[in-house]
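Take 1 as the starting number for the sequence shown in full-length UniProt numbering and just add one per residue.
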Amino acid sequence: MKKRSLIPSILIVLSLMMLLPTSVFAWFSFQNNVTLVNLETSQMDVSIEVDENQSVQVISQTITTNTLTYIDFNKDIVLNTSGALNHIASSIGITLSNSEDSITVKNRINLDTLNEQALIYLVVVEGKNIEETHEYIRDYYNYIQTIISSGSTLEQQRNLIDSHNQNMLQYIESVSLFASETLTFQLVFWADYDLYQGPNYLDHVYNLALNIDSIQVDGEF
């Protein structure tokens, strides 16, 4: 059995598009708490911010974490035998911000793990227009227990997490952002060494494609 080890890095490709005459496709470089990219026309002005915790570093176009850890799904996520699940999680906070001069918009988030079967991720919606004093969800173990409690097998529990993620993405898509409003969510990561099938899990780099589409509220994606 592979022992718990750190994964060298995780890459996230951000492709942001809007269904108006102007569109954006790019790789982005950013730092803590700064606007990642701004999509602007005469009618719509939406920005995306990435609020990184201290375990996540940004080097050029690569999001690199030194704490993305291989876990045992049953022992760590289901049973939390070591009690360390919360501490070894890697999380990235993302805020969608609608400017004060913008029309009302809605946003669609698409996540593609690019066939990375061993990558475990969790979508956690923090809420709309959260305050600076807002306490982010950090007890991921108990959060996950509310998701997988109805599953009696590991496969069912994995599927319940997948269903939860899709439900959260659908919720984000349903939220209308009026002028000056924001919506914040987290992406939380681990890796499952029981599902890893490559030659050397210590050298493997995981990839996740994140697409954010923004459109006026009465439009269709």
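By construction, the Cβ of each residue, glycine as well, lies at the ideal position given by its N, Cα and C atoms.
- Shown here, residue 121 sits in a strand according to DSSP, grouped into three states.
- Apart from sequence neighbours up to five positions away, the residues of its chain that approach residue 120 with a beta-carbon distance below 6 Å are 190 and 192, ordered along the chain.
- In this structure, the beta-carbon distance from residue 140 to residue 78 does not fall below 8 Å.
- Between the region 143-157 and the region 91-101, the count of Cβ pairs shorter than 8 Å is below three; the stretches do not touch.
- The criterion of a C-beta distance shorter than 8 Å is not satisfied by residue 109 and residue 186.
- Linking residue 127 to residue 135 through their CA atoms gives a straight-line distance of about 11 Å.
- Contact between residue 168 and residue 123 holds, with the beta-carbon distance rounding to 4 Å and staying under 8 Å.
- For residue 162, the uninterrupted alpha helix (DSSP H) segment begins and ends at 154-174.
- Excluding five sequence positions before and after residue 130, the CB atoms of its chain that fall closer than 6 Å to its own CB belong to 184, given in chain order.
- The C-alpha of residue 76 is placed about 6 Å away from the C-alpha of residue 85.
- If you draw a straight line from the Cα of residue 157 to the Cα of residue 102, it comes to about 41 Å.
- Minimum Cα-Cα distance from residue 172 among the listed residues 194, 132 and 106 corresponds to 106.
- It is roughly 14 Å from the alpha-carbon of residue 118 to the alpha-carbon of residue 161.
- Within a 10 Å sphere around the beta-carbon of residue 89 sit 16 or more other beta-carbons, which makes this residue buried.
- When DSSP reads this structure, residue 188 sits in a beta bridge with 91 and 122.
- Taking all protein chains shown into account, residue 208 has 16 or more neighbouring C-beta atoms within 10 Å of its C-beta and is therefore buried.
- Beyond the five residues adjoining it in sequence on each side, residue 147 comes within less than 7 Å, by CB distance, of 160, 161 and 164 in the same chain, given in chain order.
- The three-state secondary structure of residue 217, taken from DSSP, is coil.
- The Cβ-Cβ distance between residue 210 and residue 114 does not fall below 8 Å.
- Membership of residue 147 in the alpha helix (DSSP H) is indicated by the continuous run 140-148.
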